[in-house]
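So the sequence shown is numbered by the numbering used here: it starts at 399 and just counts up by one. No residue lacks a Cβ here, since even glycine has one placed at the ideal position from N, Cα and C. Because the structure is a prediction, the values reported are computed rather than measured. The structure under discussion appears below in the form of structure tokens.
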Amino acid sequence: MASATHDNAAHDPTTNVEDGEIGKFDAIAGRFWDEHGPFRPLHQLNPQRVRFITEHSTCAGARVLDVGCGGGLVCEALARCAPPRSGGRRLLLARRPTFPRSPVDERLARAILAGDEETGVCVMALEEGLDTGPVHARAAVRIGADERADALRERLRALGTDLLLALLAGLPGSLAHPVPQQGEATYAAKIRPEERRLDWQRPALELGRVVRVGRAFTTWRGRRLLVHRAHPVAGSPGGAPPGTLRVDGRVVTGDGLLELVEVQPEGRSVQPVGAFLAGARLAAPGERLGA
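In structure tokens form, the structure reads like this:
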């Protein structure tokens, strides 16, 4: 894993690199293939993984294996378990999402939080290094302005499948000229629970991205309120402080308004914001979320 010299993500909102995590894995990366080293549990688990795969699939004799994402140690064992019927070297392919800002949940979340407008998938040959294999095919897509992480995940999954099937249909010529990867490896830090909290001092645009990641929350009258769907809208706060919940379901933020669409009060089911407001019976104009 490549090392990094960025500031810790907890202190610098422009990066998702955590020096502690990078340092921890840098220190043990050279022993990944050591069966008696810090990755020993993975090596011990590997025979069982390979046995399960070979017993429940038809990989024996296959010339190409699609190992999805993160095949790791299992790939080397699969490449040896049964040679291709036609002889020669078995090719291992992995489908990976591609993000300009971060390396599938954390990567999706980081791309959305950063405001990235484009992502995609690639089909790459698997090598011993971390994501070092050459790329056989790639396809880019635009990230929708209101697209949620779960919807984007499904779209990328379908795109990756289509890309792989197109490559297989064109064998052997379609795999003849892979392109070396460009750029440095990047790291997507785990989304911390506090990053899902809606801080109403922030701009509505940024809060909308937090909601799109999933499991965004605030508090309402001292209890947790999940916000499942919301989007930024134009409008004036009218002098109200951030966090003010208006009767039209819009919340005042540090810059603009966030229109709530679906929410889930603690202990209740998901409901349209209109139903929530009807049951909430706002005591007075100016009640605030997160207070």
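Within the same chain, and ignoring the five residues on either side of A537 in sequence, the residues whose Cβ sits closer than 7 Å to its Cβ are G518, V519, L557, L561. When the Cα atoms are used, W598 and L624 turn out to be separated by approximately 14 Å. Straight through space, the alpha carbons of R648 and V661 are spaced by roughly 12 Å. Residue burial is scored here from C-beta neighbours: T616 has at least 16 other C-beta atoms within 10 angstroms and is therefore classed as buried.
Two segments are said to touch when three or more pairs of C-beta atoms, one from each, lie closer than 8 Å; by this definition the stretch 627–647 touches the stretch 598–607. Non-local beta-carbon contacts of R546 in its own chain, meaning distances under 6 Å to residues more than five positions away in sequence, involve R610 in chain order. The straight-line gap separating the alpha-carbon atoms of E593 and V645 is approximately 27 Å.
Looking at the DSSP output, V631 bridges to L655. Distance check between F437 and each of I426, Q446, H575 places I426 closest, using alpha-carbon atoms only.
Shown here, G568 sits in coil according to DSSP, grouped into three states, outside any helix or strand. Per DSSP, reduced to three states, the secondary structure at E604 is helical. Contact between L656 and L605 is confirmed by a C-beta separation of about 5 Å, below the 8 Å threshold.
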